[in-house]
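Enquirer: I'd like to ask you about the structure that follows.
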Amino acid sequence: MSFPHLDQVIELNRGEAGQLWWAVADCGRRNAIRLHQNQGLRVESAGVVVALPALLRVAKRLKRLDDRELRRVGVPKNKPVQFRLRCDELVALMLYVWPHSYSGHVVLGKVQQVSLNLEHLIKFT
5 MSFPHLDQVI ELNRGEAGQL WWAVADCGRR NAIRLHQNQG LRVESAGVVV ALPALLRVAK
65 RLKRLDDREL RRVGVPKNKP VQFRLRCDEL VALMLYVWPH SYSGHVVLGK VQQVSLNLEH
125 LIKFT
């Protein structure tokens, strides 16, 4: 089930896709290692198991964008790239990447700022 009106678009300047990819990949690595070890370590939450596919989709798209920026020849563009986050990807980022991230705070701040702006979707009847 998809809710296209809850999708968020953020603008990523040069290098920010790599920062956000690093934060998402760090969350995935932390929890994937814990899931595969049988040493009694627990994942951060049971919900992260459901969120890992969404985080994987975001990480792949961000890595592709970062690679494209790094391989670009010539003068870098000053225009930011529009990056769409589906609602399940947005929830996974806000719940499992944002609280435990040590890098990419500028980009995660953009995600948080845009995702908090949902007032136009709330209607009281």
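Each residue of the sequence shown is one higher than the one before, starting from 5 at the first, in the working numbering. No residue lacks a Cβ here, since even glycine has one placed at the ideal position from N, Cα and C.
What does DSSP give as the partner residue(s) for leucine 89 in the beta ladder?
Expert: Beta-bridge pairing links leucine 89 to Gln12.
Enquirer: Output yes or no for whether 8 Å exceeds the beta carbon distance between valine 62 and glutamate 20.
Expert: Result no, Cβ atoms of valine 62 and glutamate 20 do not sit closer than 8 Å.
Enquirer: If leucine 66 and tryptophan 25 are in contact, beta carbons under 8 Å, what's the gap, nearest whole angstrom?
Expert: 4 Å
Enquirer: Is the beta carbon of glutamate 15 closer than 8 Å to that of proline 84?
Expert: yes
Enquirer: For aspartate 70, count neighbouring Cβ atoms within 10 angstroms of its own Cβ and tell me buried if that reaches 16, exposed if not.
Expert: buried
Enquirer: Please classify lysine 114 as buried or exposed, where buried requires at least 16 neighbouring CB atoms within 10 angstroms.
Expert: buried
Enquirer: What did DSSP end up calling proline 80 once you bin it into helix, strand or coil?
Expert: coil
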